[in-house]
Amino acid sequence: MKLARVGAALAIASIVVGACSGSATTAPSAGGGASAAPASAAPSAVGGASAAPASAAAGAVDVKIGIELPLSGADLPNGQPTLNGVKLALAQIPVPGFNVTLNVQDDAVNGVHDPQQGAKNIQTLVNDASVMGVVGPFNSNVAKAEIPIGNAAGLVQCSPANTNISLTKPEFGAGDLRKTNPDKIAYVRVATTDDIQGAAGADIAYTIVKARKAFVIDDTETYGKALSDQFVATFTKLGGTVIGGSSHGVPKSGQGDFTSLLSLAKKDSPDFVFFGGVTATGGGLLRKQMVTAGMGAIPMGGGDGLSDGAASVKGSFLNLAGDQGDPNTYMTVAATHDIPNPTKLAADYKAMFGAEPGAYSASGYACAQVILEALKNVGADRAKVRAYVTDPSHTYDTVLGKFQFDKNGDTTQRIISDYTFDPGTKDWKFVSQKDFGAG
Amino acid sequence: MTRRPGRALLVPAILLLLATLDWSYVGTEQFVNALTIGAVYALIALGYTMVYGIIELINFAHGDVFMVGSFVTYWLLSSLGFNGTISDLPLLVVVLVGTFLAAMVVMGGIGVVIERFAYRPLRNAPRLAPLITAIGVSFILQNIIQIFFGPSPISAPQVIDVQARVNLGGVDVSVVKLFVIAVAFILMIALQTFVSRTRMGRAMRSTAIDRDAAQLMGVDINTTIAVTFFIGSALAGAAGVVQVLYLGTTNFQLGFQAGLKAFTSAVLGGIGNITGAALGGFLIGFIEVNSTVAGFSRWSEAIVFGILVLVLVFRPTGLLGQQLGERA
Numbered sequence: 486m487k488l489a490r491v492g493a494a495l496a497i498a499s500i501v502v503g504a505c506s507g508s509a510t511t512a513p514s515a516g517g518g519a520s521a522a523p524a525s526a527a528p529s530a531v532g533g534a535s536a537a538p539a540s541a542a543a544g545a546v547d548v549k550i551g552i553e554l555p556l557s558g559a560d561l562p563n564g565q566p567t568l569n570g571v572k573l574a575l576a577q578i579p580v581p582g583f584n585v586t587l588n589v590q591d592d593a594v595n596g597v598h599d600p601q602q603g604a605k606n607i608q609t610l611v612n613d614a615s616v617m618g619v620v621g622p623f624n625s626n627v628a629k630a631e632i633p634i635g636n637a638a639g640l641v642q643c644s645p646a647n648t649n650i651s652l653t654k655p656e657f658g659a660g661d662l663r664k665t666n667p668d669k670i671a672y673v674r675v676a677t678t679d680d681i682q683g684a685a686g687a688d689i690a691y692t693i694v695k696a697r698k699a700f701v702i703d704d705t706e707t708y709g710k711a712l713s714d715q716f717v718a719t720f721t722k723l724g725g726t727v728i729g730g731s732s733h734g735v736p737k738s739g740q741g742d743f744t745s746l747l748s749l750a751k752k753d754s755p756d757f758v759f760f761g762g763v764t765a766t767g768g769g770l771l772r773k774q775m776v777t778a779g780m781g782a783i784p785m786g787g788g789d790g791l792s793d794g795a796a797s798v799k800g801s802f803l804n805l806a807g808d809q810g811d812p813n814t815y816m817t818v819a820a821t822h823d824i825p826n827p828t829k830l831a832a833d834y835k836a837m838f839g840a841e842p843g844a845y846s847a848s849g850y851a852c853a854q855v856i857l858e859a860l861k862n863v864g865a866d867r868a869k870v871r872a873y874v875t876d877p878s879h880t881y882d883t884v885l886g887k888f889q890f891d892k893n894g895d896t897t898q899r900i901i902s903d904y905t906f907d908p909g910t911k912d913w914k915f916v917s918q919k920d921f922g923a924g
Numbered sequence: 021m022t023r024r025p026g027r028a029l030l031v032p033a034i035l036l037l038l039a040t041l042d043w044s045y046v047g048t049e050q051f052v053n054a055l056t057i058g059a060v061y062a063l064i065a066l067g068y069t070m071v072y073g074i075i076e077l078i079n080f081a082h083g084d085v086f087m088v089g090s091f092v093t094y095w096l097l098s099s100l101g102f103n104g105t106i107s108d109l110p111l112l113v114v115v116l117v118g119t120f121l122a123a124m125v126v127m128g129g130i131g132v133v134i135e136r137f138a139y140r141p142l143r144n145a146p147r148l149a150p151l152i153t154a155i156g157v158s159f160i161l162q163n164i165i166q167i168f169f170g171p172s173p174i175s176a177p178q179v180i181d182v183q184a185r186v187n188l189g190g191v192d193v194s195v196v197k198l199f200v201i202a203v204a205f206i207l208m209i210a211l212q213t214f215v216s217r218t219r220m221g222r223a224m225r226s227t228a229i230d231r232d233a234a235q236l237m238g239v240d241i242n243t244t245i246a247v248t249f250f251i252g253s254a255l256a257g258a259a260g261v262v263q264v265l266y267l268g269t270t271n272f273q274l275g276f277q278a279g280l281k282a283f284t285s286a287v288l289g290g291i292g293n294i295t296g297a298a299l300g301g302f303l304i305g306f307i308e309v310n311s312t313v314a315g316f317s318r319w320s321e322a323i324v325f326g327i328l329v330l331v332l333v334f335r336p337t338g339l340l341g342q343q344l345g346e347r348a
């Protein structure tokens with residue numbers, strides 16, 4: 486009893502303290518996100534006067550960009566470079582009249598991205614009235630859990646990496662995710678979709694590798710299954726054969742042991758193996774076990790889930806696949822490789838973080854640009870930021886190039902980049918990119 | 021130990037028949053795969069079943085003991101400077117024997133420490149209490165490993181050449197897999213001999229049947245239980261070495277998944293029963309491989325647990341029943 490009373494007192498105290506600090510950071514908009522008229526008036530005045538970096542100026546309004554990425558465990562090689570891209574954007578782009586900081590939430594639980602944790606994180610960000618927009622999430626299954634919450638709250642989310650078709654396209658069930666406000670979408674993404682990425686993977690297999698008989702494996706997750714299914718459809722259409730006619734699922738809880746599946750595959754002597762999944766769900770182990778099974782000479786391909794750094798990065802696909810596994814591997818990234826100014830971005834990134842940018846650093850940067858652009862134009866009003874970002878008539882000039890978001894929130898930049906292993910640098914090397922047009 | 025002598029012959033006969041039929045269905049290579057996967061599950065399952073048999077505790081930390089074993093192996097091999105295949109046979113033998121001994125002794129020791137501090141003080145507490153501390157120990161082990169080795173999966177040195185094959189009846193079979201199966205069988209036979217032939221083994225069996233009566237008869241309960249934990253954890257340590265040799269990778273979460281499968285094996289075979297746990301492990305290996313061969317890899321987990329439910333409906337005590345503890 487006594488303990489319970491003390492606990493209750495502490496809880497009340499913390500609520501009071503929280504409320505105080507909350508009202509301090511959002512002082513100009515006393516009523517929370519809805520009535521932010523004074524806040525939006527102030528920045529436009531300052532913005533009109535000068536475009537100089539004024540983030541540290543006195544009287545600047547404190548606003549936040551929410552970050553919702555997997556930032557621990559096996560997904561860290563994906564999440565961290567993306568977060569760094571956002572940080573770089575904040576450091577480089579002045580938003581006069583605002584003091585923009587981050588509210589960082591990690592959706593990895595025990596080292597792996599977790600939809601339930603993602604949903605909790607979005608709720609946390611919704612509850613932080615100073616958050617104007619969110620960059621994230623990274624994984625499609627996490628997005629599926631988050632979009633309904635963001636939609637109901639009217640908090641805009643820009644994903645740098647989600648590629649699953651069902652997240653945006655109504656014909657694949659996206660309507661179910663935005664039931665609360667079907668007309669006010671609150672989710673956009675700068676990566677293009679799996680129907681295109683899976684097709685690009687099939688294109689690599691058929692055209693570049695000249696494979697005719699593929700064995701397809703997926704990790705049974707939202708992203709991996711859809712990617713594999715699209716690979717199967719396109720590869721078959723191009724004239725190739727898929728062994729067994731469909732993708733073979735291997736749940737992650739199988740300890741990443743693909744041995745018996747590979748023994749099965751070997752009987753039909755495939756000339757390409759496609760993996761729909763990410764490194765954390767077994768990508769690197771699959772390649773390593775292909776070597777063990779005597780299938781190391783068979784090329785393997787996958788989507789952007791394998792794009793997590795050089796062989797020297799601990800836990801990356803190339804690191805786990807091993808020296809014998811790395812050659813003959815391919816992957817695609819659902820974004821443009823030939824960004825308008827890659828050298829500048831790489832140099833700035835290296836100066837700030839001491840490393841090469843990751844595959845999604847530029848995408849994280851672009852998402853931050855989109856949200857900052859909206860902030861500059863409409864001020865610190867969450868509803869207006871959402872409306873501005875999702876307006877299909879706005880063109881964004883970002884590090885990825887110019888693009889718009891269509892009425893579903895998908896980018897109009899539908900470009901897939903192909904990569905292969907480079908034995909010299911022991912890292913992924915860009916091969917070519919293909920524009921799939923404004924479908 | 022069986023009460024009806026007929027069953028002692030019947031069960032192996034049925035198993036042999038099933039195995040032969042399955043061999044002709046899946047082929048030699050997949051048969052060896054099933055034995056290899058099963059061997060790992062069986063080695064871990066033995067620890068679950070021994071601990072349950074003697075103190076009726078479902079030791080949820082046991083899967084993590086296996087995981088720590090794989091990290092001990094990784095740490096040992098990489099700090100000794102091995103980063104790939106060892107082609108020098110005498111050296112390989114020395115390294116393998118050394119690694120197995122070291123991992124088993126270290127993990128056995130850790131098992132005894134866990135028992136001493138997390139379970140012994142709660143031995144007479146309600147059964148839920150040690151179950152919760154077991155979950156706690158599981159998290160502690162995971163977090164310790166995460167702090168020291170990081171959260172990413174680790175690529176560990178495979179000292180046996182994974183591409184080496186021997187010809188078995190016209191089929192090339194991986195040497196590593198045969199080695200894994202052999203190690204598992206040797207350890208299981210050693211365990212069975214220890215439990216059924218030695219004085220300590222008899223103490224373990226009598227403690228399992230009735231702890232108080234055993235104590236009255238002069239059995240040192242604390243030592244007996246500690247030895248049980250030592251052996252169970254040492255076997256999990258051996259499974260950890262096997263994991264590194266066979267798959268060449270580990271991560272700090274490996275224990276949960278492996279532990280779940282191994283626990284299922286123990287229940288399937290009859291928890292508390294050593295032969296049953298080994299049988300359950302191999303059965304699950306075979307179920308998984310068969311579902312893959314039949315084209316149902318996506319459903320292998322569902323099939324495993326579906327069969328578990330079926331077995332438990334018709335034989336609540338598992339396939340071989342509870343040999344050690346008669347109290348359920």
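Keeping their order, the protein sequence lines are chains S and P.
Sequential numbering from 486 applies to the first sequence in the numbering used here.
Sequential numbering from 21 applies to the second sequence in the numbering used here.
All C-beta atoms, glycine included, are put in the ideal place defined by N, C-alpha and C.
Nothing here was measured: the structure is a model prediction, and the numbers come from that model.
Would you kindly work out how many angstroms separate the C-alpha atoms of M208 (chain P) and G129 (chain P), rounded to a whole number? Just so you know, the alpha carbons of M208 (chain P) and G129 (chain P) end up roughly 20 angstroms apart.
Residues from the segment 541-572 of chain S in contact with chain P, defined by Cβ distance under 8 angstroms: Under the 8 angstroms Cβ criterion, the segment 541-572 of chain S contributes S557, G558, A559, L561 and P562.
Between which two residues does the beta strand (DSSP E) harbouring S644 (chain S) extend? Counting along the chain, the beta strand (DSSP E) containing S644 (chain S) begins and ends at V641 to S644.
By alpha-carbon positions, which one of P:L288, P:T269 and P:S317 ends up nearest to A765 (chain S)? Nearest to A765 (chain S) by alpha-carbon distance, out of P:L288, P:T269 and P:S317, is P:T269.
Quick one: what's got a C-beta closer than 8 angstroms to R140 (chain P)'s C-beta in the same chain, skipping five residues either side? Cβ within range, chain order: N242 and I245.
Between T726 (chain S) and chain P, is any beta-carbon pair separated by less than 8 angstroms? Taking 8 angstroms as the threshold, the shortest C-beta distance from T726 (chain S) to chain P does not fall below it.
Looking only at DSSP bridge pairs, what is W913 (chain S) linked to? The partner list for W913 (chain S) (beta bridge, DSSP) reads S:F906.
State yes or no: is the C-beta of V594 (chain S) nearer than 7 angstroms to some heavy atom of the ligand ZN? Among the components of this structure there are no ligands whatsoever, and the ligand ZN is therefore not found.
Between V763 (chain S) and chain P, is any beta-carbon pair separated by less than 8 angstroms? Closer than 8 angstroms: no.
I'd like to check one pair, H82 (chain P) with I57 (chain P): are the Cβ atoms closer than 8 angstroms? Judged by their CB atoms, I57 (chain P) and H82 (chain P) are not nearer to each other than the 8 angstroms cut-off.
Using three-state DSSP, classify G338 (chain P) as helix, strand or coil. Three-state DSSP puts G338 (chain P) in coil, outside helix and strand.
Could you say if the segment 629-649 of chain S and the segment 668-679 of chain S meet the contact criterion of at least three C-beta pairs nearer than 8 angstroms? As far as the Cβ criterion goes, the segment 629-649 of chain S touches the segment 668-679 of chain S, which means the pair count is three or higher.
Strictly under 8 angstroms for the Cβ-Cβ distance: is T269 (chain P) near chain S by that measure? Yes - at least one Cβ of chain S is within 8 angstroms of the one on T269 (chain P).
Kindly indicate which three-state DSSP category D833 (chain S) falls into: helix, strand or coil? Residue state, collapsed to three classes: helix.
Identify whether A65 (chain P) lies in helix, strand or coil by the three-state DSSP scheme. A65 (chain P): helix per DSSP, three-state reduction.
Please state whether DSSP places A524 (chain S) in a helix, a strand or coil. Any answer about A524 (chain S) is weak, because its pLDDT of 38 lies below 50 and its placement is not dependable; what the coordinates show is given next. The three-state reading of DSSP puts A524 (chain S) in helix, counting H, G and I together.
Taking only the alpha-carbon atoms, compute the straight-line gap between G551 (chain S) and A637 (chain S) and give it to the nearest angstrom. So the two alpha carbons sit approximately 17 angstroms from each other.
For chain P, is any of its Cβ atoms less than 8 angstroms away from the one on P645 (chain S)? Judged by the 8 angstroms Cβ criterion, P645 (chain S) is not in contact with chain P.
Opening and closing residue of the beta strand (DSSP E) in which Y672 (chain S) lies: Looking at the DSSP string, the run of the beta strand (DSSP E) that includes Y672 (chain S) is Y672 to R674.
Which residue wins for smallest C-alpha separation from G886 (chain S), given the options S:H822, S:D903 and S:A865? Ranked by how close their Cα comes to the Cα of G886 (chain S), the residues S:H822, S:D903 and S:A865 have S:H822 in first place.
Within the continuous beta strand (DSSP E) that includes V619 (chain S), where are the two ends? V616 to V620 is the span of the beta strand (DSSP E), which, as asked, contains V619 (chain S).
Give the straight-line distance between the Cα atoms of S615 (chain S) and V71 (chain P), rounded to the nearest whole angstrom. One Cα belongs to S615 (chain S), the other to V71 (chain P), and the distance between them is close to 53 angstroms.
What residues from the segment 170-184 of chain P come within 7 angstroms of chain S, judged by C-beta to C-beta, listed N to C? If the cut-off is 7 angstroms between Cβ atoms, the segment 170-184 of chain P has G170, P171, S172, P173, S175, V182 and Q183 near chain S.
Please check the pair L652 (chain S) and K629 (chain S), which I expect to be a contact at CB under 8 angstroms, by giving their CB distance rounded to whole angstroms. Between K629 (chain S) and L652 (chain S) the Cβ distance is about 7 angstroms, and since that is below 8 angstroms, they are a contact.
Any chain S beta carbon closer than 8 angstroms to E76 (chain P): No, E76 (chain P) does not count as interfacial toward chain S.
Let me see if you follow: with CB-CB separation under 8 angstroms, is V191 (chain P) close to chain S or not? Not one chain S Cβ lies under 8 angstroms of V191 (chain P).
I'd like the list of long-range same chain contacts for S846 (chain S), defined as Cβ closer than 8 angstroms, with 5 residues on each side in sequence excluded. Around S846 (chain S): P566, T567, N569, G570, L573, L830 and Y834.
Using a Cβ-Cβ cut-off of 8 angstroms, state whether H598 (chain S) counts as contacting chain P. Closer than 8 angstroms: no.
Who are the neighbours of G800 (chain S) on chain P, taking C-beta pairs under 9 angstroms? Here the neighbours are G170, P171, S172, P173, I174, S175 and N271.
Contact set between D592 (chain S) and chain P, taken where Cβ atoms lie within less than 7 angstroms: Close partners of D592 (chain S) in chain P (Cβ separation under 7 angstroms) are lacking, with about 14 angstroms as the shortest Cβ gap.
Pick helix, strand or coil for R8 (chain P), following the three-state DSSP scheme. Residue numbering for chain P in the displayed model covers 21 to 348; residue 8 (chain P) lies beyond these limits and cannot be assessed.
Find the nearest neighbour of T905 (chain S) within the set S:W913, S:G686 and S:K605, judged by alpha-carbon distance. Cα-wise, what sits closest to T905 (chain S) is S:W913.
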